[in-house]
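Read the structure below first, then the notes.
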Amino acid sequence: MPLRLAILEADTPVPAANERYKGYFGVFRHLFARAVAPASLDSVLTLTGHDVVHNPDSAYPDLDDIDAILVTGSKHNAFDDDAWILTLVEYVRKVLTHRRGDRTIKVIGVCFGHQIVARALGALVGRSDQGWEVSVVETTLTEKGRELFPGRETLKIQQMHRDQVFSLPAGAELLASTDRCGNHGFVIPGRVITVQGHPEFTEDIMDEILELRHETGLFTDELYQSGKARNGDHHDGVYMAQVFLKFLQEQ
1090 MPLRLAILEA
1100 DTPVPAANER
1110 YKGYFGVFRH
1120 LFARAVAPAS
1130 LDSVLTLTGH
1140 DVVHNPDSAY
1150 PDLDDIDAIL
1160 VTGSKHNAFD
1170 DDAWILTLVE
1180 YVRKVLTHRR
1190 GDRTIKVIGV
1200 CFGHQIVARA
1210 LGALVGRSDQ
1220 GWEVSVVETT
1230 LTEKGRELFP
1240 GRETLKIQQM
1250 HRDQVFSLPA
1260 GAELLASTDR
1270 CGNHGFVIPG
1280 RVITVQGHPE
1290 FTEDIMDEIL
1300 ELRHETGLFT
1310 DELYQSGKAR
1320 NGDHHDGVYM
1330 AQVFLKFLQE
1340 Q
């Protein structure tokens, strides 16, 4: 029986990517399809998309209809108190305390989603004084990270953030870090896995974001050029999605 994974879409992709993938639901469908290939995605996961920004009163799935949620990235700040962000944080808390007999609903957080899950668990989230991490960045795995990603000391992953989680939630174990960001993801066994990076970002998505943010002046020439130079590097997004799937499938 396919696992029922609800994609909580906390933003809309940049224009060309949105046209190509039809929202972050499509971006993650593309990621997971590559992760299970040559098997059919529909034989492994039943994915549903939920726009929690524009339809927060009606978007959220009933907890009895899902096995897991994934909170996506976003251009918004996870530490802000906009009504839809507070609703999202509260929903994640509800998911984390919900039980059906001996089964729980698992939670995946990606970038903004990593920060939202951390906030729901009581950790401090805010703007970093270390500036942006963009494009393909190598993260150093902790002992727990090496356990979840066997045979690896590091992971290369697409990044697009200047906010971060400054503390580790109770019961969580750190997965990875960089010089600029101490918390690049955490795991609560059987319940939660998060990453600060973007395993779902393809080279074309990252390229479009870099171009747009450079054109608007948000990114300096130096940051833009550095990001462009690293965007062609191999990254471990599909492998990370395979680890997500293993996490979801474990009893």
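Under the working numbering, the first residue of the sequence shown is numbered 1090, with each subsequent residue one higher.
Beta carbons are placed, not taken as given, at the ideal position from N, Cα and C, and that holds for glycine.
Quiz prompt | When G1202, F1238, D1156, Q1314 are compared against R1189, the one with the closest alpha-carbon | solution = Counting from 1 along the sequence shown, the entry for residue 1189 is found at position 100. The residue with the shortest Cα to Cα distance from R1189 is D1156.
Quiz prompt | Alpha carbon of F1255 to alpha carbon of A1212, nearest angstrom | solution = Stepping through the sequence shown from its first residue, residue 1255 is reached at position 166. Stepping through the sequence shown from its first residue, residue 1212 is reached at position 123. Approximately 7 Å between the Cα atoms of the pair.
Exercise. Check F1290 in the structure and name its three-state DSSP category.
Key: Taking the sequence shown and counting its residues from 1, the one referred to as residue 1290 is at position 201. Residue state, collapsed to three classes: coil.
Quiz item: Buried or exposed: where does Q1253 fall if 16 or more other Cβ atoms within 10 Å of its Cβ makes it buried?
Solution: For the purposes of this step, residue 1253 is taken as residue 164 along the sequence shown, with counting starting at 1. Buried, because 16 or more other Cβ atoms sit within 10 Å of the Cβ of Q1253.
Practice problem: Per DSSP, which residues does R1216 bridge with? Please list them. | Solution: Stepping through the sequence shown from its first residue, residue 1216 is reached at position 127. D1252.
Quiz prompt | C-alpha distance - G1215 paired with V1141, whole-angstrom precision | solution = Mapped onto the sequence shown, residue 1215 falls at position 126. Mapped onto the sequence shown, residue 1141 falls at position 52. Answer to the nearest angstrom: the Cα atoms are 21 Å apart.
Quiz prompt | Where the beta strand (DSSP E) containing D1140 begins and where it ends | solution = Looking up residue 1140 in the sequence shown gives position 51. In the DSSP annotation of this structure, the continuous segment of the beta strand (DSSP E) that includes D1140 starts and ends at 1134 to 1140.
Quiz item: For I1205, which of helix, strand or coil comes out of DSSP?
Solution: By 1-based counting over the sequence shown, the position of residue 1205 is 116. Three-state DSSP puts I1205 in a helix.
Quiz item: With a cut-off of 8 Å, do at least 3 Cβ pairs link the segment 1191 to 1205 to the segment 1159 to 1173?
Solution: As far as the Cβ criterion goes, the segment 1191 to 1205 touches the segment 1159 to 1173, which means the pair count is three or higher.
Quiz item: Could you give the distance in angstroms between the alpha-carbon of S1163 and the alpha-carbon of R1182?
Solution: Working through the sequence shown from its first residue, we reach residue 1163 at position 74. Working through the sequence shown from its first residue, we reach residue 1182 at position 93. When rounded, the distance between both Cα atoms is 19 Å.
Practice problem: Please state whether DSSP places Q1340 in a helix, a strand or coil. | Solution: For this step, residue 1340 is matched to residue 251 along the sequence shown. Residue state, collapsed to three classes: coil.
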